[in-house]
Amino acid sequence: MENGQDKASTLDLLDHCCQLVADTYGKPDSSEWTNSDFVRLSSILYKKTHVQISPNTLKRIFGKIKTDARYYPQKATRDALAQYVGFADWDKFIDTPSRQPVRLVHPDTPPVLLPPADIPVPQLPVRRSRLKSFLLAALALMVIGIAGWRGLLFWQGKETAVTLFCKNPEGGNPHSAVFVLRGFGHVSRLTNDYSIEFGDNDKVQLNGRDSVYSHYYEVPGRYFAVLKKAGTAIDTVPVFLHTSGWTATANMMYDTTRVYPIETPGLFTKGYHSISAPEIARAGVDTNRTFFVNFINAHLTGIDGDNFELLVDVRTSLPRPGVRCSQVRLTIYGDSSNHMVDIMKPGCAHWSKLQFSELHKDGRSEGPDFLGADLTAGGIVGVKVVNRHATLLINGREVYKNTYHKALRQLYGLDIMFAGIGSIRSVQLKDLKTGKRFAGNF
392 MENGQDKAST
402 LDLLDHCCQL
412 VADTYGKPDS
422 SEWTNSDFVR
432 LSSILYKKTH
442 VQISPNTLKR
452 IFGKIKTDAR
462 YYPQKATRDA
472 LAQYVGFADW
482 DKFIDTPSRQ
492 PVRLVHPDTP
502 PVLLPPADIP
512 VPQLPVRRSR
522 LKSFLLAALA
532 LMVIGIAGWR
542 GLLFWQGKET
552 AVTLFCKNPE
562 GGNPHSAVFV
572 LRGFGHVSRL
582 TNDYSIEFGD
592 NDKVQLNGRD
602 SVYSHYYEVP
612 GRYFAVLKKA
622 GTAIDTVPVF
632 LHTSGWTATA
642 NMMYDTTRVY
652 PIETPGLFTK
662 GYHSISAPEI
672 ARAGVDTNRT
682 FFVNFINAHL
692 TGIDGDNFEL
702 LVDVRTSLPR
712 PGVRCSQVRL
722 TIYGDSSNHM
732 VDIMKPGCAH
742 WSKLQFSELH
752 KDGRSEGPDF
762 LGADLTAGGI
772 VGVKVVNRHA
782 TLLINGREVY
792 KNTYHKALRQ
802 LYGLDIMFAG
812 IGSIRSVQLK
822 DLKTGKRFAG
832 NF
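Numbering (our numbering), first residue to last: 392 to 833.
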């Protein structure tokens with residue numbers, strides 16, 4: 392629909408939507424906004440629409456950052472702006488003649504009050520009138536005092552919720568993310584009852600002195616930093632480290648202090664489907680110990696995370712020092728959660744795991760034998776999701792299906808991890824609704 396509109400009309404609609412956003416935000420004059428306004432609006436938009444729009448993108452939309460031509464955002468961004476001001480999406484916004492959210496109608500003129508008729512008032516003695524005024528004033532002060540005391544008790548008993556905010560949720564690799572705690576009143580409230588789990592197996596206990604914490608991410612992907620109080624999650628924010636094409640990163644078991652990026656020019660082109668032990672050793676990895684290699688391609692794909700099909704042709708590692716189970720783990724990054732499949736040799740199913748959004752299975756407690764498969768000679772792992780109905784296939788055989796409820800929305804890329812030396816012979820990912828294909832397919 393919007394392709395048929397001329398450029399000027401399209402930009403007029405965008406300007407009108409921006410003004411509605413500014414009105415809804417509470418500061419109608421967006422030209423007076425500071426950087427903190429754009430940071431705060433970015434956070435509000437994500438919590439209300441689940442679409443991440445960076446502060447810099449908002450500045451371009453509102454004209455704070457000058458460009459040669461008027462910046463016009465992508466459809467998902469326009470949908471989020473329209474949703475924030477009360478419309479289902481951008482199409483509904485431009486189809487509405489008035490383009491104004493529904494408001495309550497108030498009378499134009501206040502009701503007219505007629506003056507009371509003159510009624511003679513008997514004169515009270517002055518002393519009696521003063522006594523009555525004094526008693527009324529004393530009673531009023533007593534009521535105000537009681538109300539104030541009860542309000543103070545209520546305020547002390549009802550603490551505001553502490554929230555977590557990331558000032559720079561997107562970046563390359565590596566990335567230092569800065570997290571800010573909000574809504575705590577006094578910083579001493581942030582005791583060690585609170586902790587932040589950063590989503591990469593690292594966490595920090597709050598110390599009651601600081602409200603800003605930074606964390607160093609060194610492997611590409613999408614992470615979910617979780618604020619917890621007494622072990623219970625109370626807020627979550629995403630952090631995204633994007634890549635330019637496929638990358639390879641190694642790490643060693645029990646060595647949580649470092650990772651080893653591997654230089655792989657031309658990876659997955661011209662028959663280059665694996666990384667050899669000498670290449671991994673040159674990156675600093677002791678290949679005589681247990682090690683893992685992650686192949687990651689992370690970017691905003693434009694593919695629906697709840698309606699897609701993925702086929703990955705892999706060959707897992709042959710037995711070698713530290714590798715017995717020939718593990719391959721496939722992680723599909725989503726906007727609000729992930730899908731993950733962890734496949735081992737049949738005798739190692741104890742260590743296997745499965746996740747489809749909020750659904751989890753763990754081999755140590757549930758024994759999912761269907762995740763046991765020997766792929767050392769090669770095999771195809773398939774994941775198909777249709778309207779949140781998920782199906783897992785191994786070598787064309789359906790081994791698991793279930794329905795999850797928490798939508799992933801958009802996909803942010805793939806992570807294929809091997810224990811030891813594995814190879815990927817092909818990746819085919821596509822959107823089942825639009826037919827759009829993953830830029831990292833080969």
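Every residue gets a Cβ at the ideal spot worked out from N, C-alpha and C, and that includes glycine.
Can you tell me the Cα-Cα spacing of Val617 and Gly590, whole angstroms?
When rounded, the distance between both Cα atoms is 7 Å.
Do Leu530 and Val628 come within 8 Å of each other at the CB atom, strictly closer than that value?
Not closer than 8 Å, so no.
Using alpha carbons as the reference points, say which of Lys797, Lys466, Phe747 and Thr722 lies closest to Pro611.
Minimum Cα distance to Pro611 is reached at Thr722.
Would you identify the three-state DSSP class for Phe384, choosing helix, strand or coil?
Beyond the ends of the chain as shown, which are 392 and 833, falls residue 384; an answer cannot be given.
Between Asp806 and Asn685, is the Cβ-Cβ spacing less than 8 Å?
Yes. Within cutoff.
Roughly how many angstroms separate the alpha carbons of Glu670 and Thr660, rounded to a whole number?
Approximately 17 Å between the Cα atoms of the pair.
Note down the Cα distance separating Arg800 from Lys457, rounded to an integer number of angstroms.
Approximately 31 Å between the Cα atoms of the pair.
Express the C-alpha separation of Gly725 and Lys824 in angstroms, rounding to a whole number.
For Lys824 and Gly725, the distance between alpha carbons rounds to 17 Å.
Report the rounded CA-to-CA distance for Ala810 versus Leu402, giving the unit in angstroms.
Put simply, the backbone Cα of Ala810 is about 52 Å away from that of Leu402.
In this structure, does DSSP put Glu423 in helix, strand or coil?
Three-state result, Glu423: helix.
Assigned exposure category for Gly576 - 16 Cβ within 10 Å defines buried
With fewer than 16 other Cβ atoms within 10 Å, it is exposed.
In this structure, does DSSP put Val442 in helix, strand or coil?
Collapsing the DSSP output to three states places Val442 in coil.
Sort out for me which residues DSSP pairs Lys752 with in a bridge.
Residue pairing by DSSP places Lys752 opposite Leu745 in a beta bridge.
For Arg580, does the three-state DSSP call read helix, strand or coil?
Helix at Arg580.
Nearest neighbour of Gly834, chosen from Gln819, Leu691 and Val569 [CA to CA]:
The chain is shown only over 392 to 833; residue 834 falls outside these bounds and no answer can be derived.
Looking at Ser708 and Ile812, is the spacing between their C-beta atoms short of 8 Å?
Cβ distance < 8 Å, so Ile812 and Ser708 count as in contact.
Based on Cα-Cα distance, which residue from Glu757, Ser728, Asn729 and Glu749 lies nearest to His741?
For the residues Glu757, Ser728, Asn729 and Glu749, the minimum Cα distance to His741 belongs to Glu757.
Where Gly675 and Tyr651 are concerned, what is the direct C-alpha to C-alpha distance, given to the nearest angstrom?
So the alpha carbons of these two residues sit roughly 7 Å apart.
Taking just the CA atoms, how far does Thr425 sit from Arg461?
Going by the C-alpha atoms only, they are around 20 Å apart.
Val719 and Leu783 closer than 8 Å at C-beta
Leu783 is positioned such that its CB atom lies no closer than 8 Å to that of Val719.
List the endpoints of the continuous beta strand (DSSP E) containing Arg680.
Where Arg680 is concerned, there is no enclosing beta strand (DSSP E), given that its DSSP letter is neither H nor E.
Under the DSSP definition of a beta bridge, which residues are partnered with Met644?
Checking the DSSP bridge columns, you'll see Met644 has no partner listed.
What three-state label does DSSP hand Lys775 in the structure shown?
When DSSP states are grouped into helix, strand and coil, Lys775 belongs to the strand group.
Output the boundary residues of the alpha helix (DSSP H) element that contains Ala668.
Start and end: Ala668 to Arg673.
In its own chain, which residues sit with a C-beta less than 6 Å from the C-beta of Thr647, not counting the 5 before and 5 after it?
For Thr647, there are no CB contacts under 6 Å within the same chain when 5 residues up- and downstream are skipped.
With distances taken Cα to Cα, identify the nearest neighbour of Ala473 among Lys455, Leu436 and Gly770.
Looking at Lys455, Leu436 and Gly770, the one whose alpha-carbon comes closest to that of Ala473 is Leu436.
Please classify Ala460: does DSSP put it in a helix, a strand, or coil?
In the displayed model, Ala460 falls within coil according to three-state DSSP, outside both helix and strand.
Extent of the continuous beta strand (DSSP E) run through Ile723
DSSP places Ile723 in the uninterrupted beta strand (DSSP E) bounded by Val719 to Gly725.
With DSSP as the reference, label Cys716 as helix, strand or coil.
Note: Cys716 maps to coil in three-state DSSP.
Gly693: which of His780, Val412 and Ala830 sits nearest, CA to CA?
Closest in alpha carbon position to Gly693, among His780, Val412 and Ala830, is Ala830.
Starting from Leu555, follow the alpha helix (DSSP H) in both directions and report where the run begins and ends.
In the DSSP assignment, Leu555 falls outside any alpha helix (DSSP H) and within the unbroken beta strand (DSSP E) covering Thr554 to Cys557.
Following a CB-centred definition, is Thr440 positioned closer than 7 Å to any heavy atom of the ligand HEM?
In the structure on display, the ligand HEM does not appear, and there are no ligands present to speak of.
Where does His633 land, buried or exposed, given buried means 16+ other C-beta within 10 angstroms?
By the 10 Å Cβ count, His633 comes out buried.
Does Phe833 come out as helix, strand or coil in the three-state DSSP assignment?
Phe833 sits in coil when the DSSP states are folded into three classes, being neither helix nor strand.
Exposed or buried, Leu658, counting other C-beta atoms within 10 Å across all chains shown (16 or more means buried)?
Flag for Leu658 reads buried.
With respect to the alpha helix (DSSP H) encompassing Asp482, which residues constitute its N-terminal and C-terminal limits?
Residues Trp481 to Asp486.
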